[in-house]
Amino acid sequence: MRERTLGIIKPDAVAAKNASKIIDMLEVNGFSIIGMKKIHLTKEQAKKFYIVHRERPFYDSLTTFMSEGPIIVMVLEKENAIEDYRKLMGTTNPKEAEEGTIRKLFGTNIERNAVHGSDSMESANFEIPFFFSELELM
Ligand code: UDP
Ligand code: MG
Numbered sequence: 058m059r060e061r062t063l064g065i066i067k068p069d070a071v072a073a074k075n076a077s078k079i080i081d082m083l084e085v086n087g088f089s090i091i092g093m094k095k096i097h098l099t100k101e102q103a104k105k106f107y108i109v110h111r112e113r114p115f116y117d118s119l120t121t122f123m124s125e126g127p128i129i130v131m132v133l134e135k136e137n138a139i140e141d142y143r144k145l146m147g148t149t150n151p152k153e154a155e156e157g158t159i160r161k162l163f164g165t166n167i168e169r170n171a172v173h174g175s176d177s178m179e180s181a182n183f184e185i186p187f188f189f190s191e192l193e194l195m
């Protein structure tokens, strides 16, 4: 089934000028970029986006990181986009990620791991409208 997922190039990867390499990997792997913008989240906005993790010990540090500099948010479309993009990203901890994955190539540690991707249809349905209006995705 053709589906949509929300991808983010995180502040570490944008600052390191790895964004174009990551976007190239997305296109090579068959993802269509349906929407894309560069924004700088406030800490409050990052806390809202990651609200599902509010009880986790890394919540404060994660949301500080996600608001330290600009990010690139993208709506990606493809058959099986959610699962396939998670595979292309690699595991949360870049040190454990498979060779050739985005996080293996561009991640630094378990927090500064270069990219985000929706982990389910339910998260995609929260995350896509968090950043994009219906009008932007027509
Ligand atoms: N994170 C962290 N420490 C951890 C686990 C996660 O700093 O022990 C950060 C990391 O940036 C991760 C994000 O929190 O990408 C969201 O965590 P999640 O478990 O949802 O991982 P993901 O879905 O991004 O692989
Ligand atoms: Mg997650």
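For the sequence shown, the tail end lands on 195 under this note's numbering, and the numbers increase by one without skipping. A virtual CB, placed ideally from N, CA and C, is assigned to each residue, including glycine. Please read these numbers as outputs of a predicted model, since none were measured by experiment.
With burial defined as no fewer than 16 other Cβ atoms inside 10 Å of the residue's Cβ, what is the status of residue i: buried or exposed?
i    : result
T99  : exposed
K67  : buried
I159 : buried
T149 : exposed
Alpha carbons only, please: which of the options is nearest the one belonging to residue i?
i    : options                 : result
I79  : E153, K105 and I128     : I128
K74  : F163, E155 and R59      : F163
D69  : M131, S77, M123 and R59 : M123
N137 : H97, V71, A72 and A181  : A181
A72  : L192, I185 and A171     : A171
At a threshold of 6 Å, does residue i count as lining ligand 2 (C-beta to nearest heavy atom)?
i    : result
D176 : yes
So does residue i have its beta carbon nearer than 6 Å to some heavy atom of ligand 1?
i    : result
I66  : no
N170 : yes
L201 : No information on residue 201 is available, as it lies outside the stretch 58 to 195 that the chain covers here.
F115 : yes
I128 : no
T149 : yes
I79  : no
Do you know offhand how far residue i's Cα is from residue j's?
i    : j    : result
K95  : S190 : 15 Å
F187 : K104 : 12 Å
S175 : R169 : 17 Å
E155 : S77  : 21 Å
F106 : F183 : 9 Å
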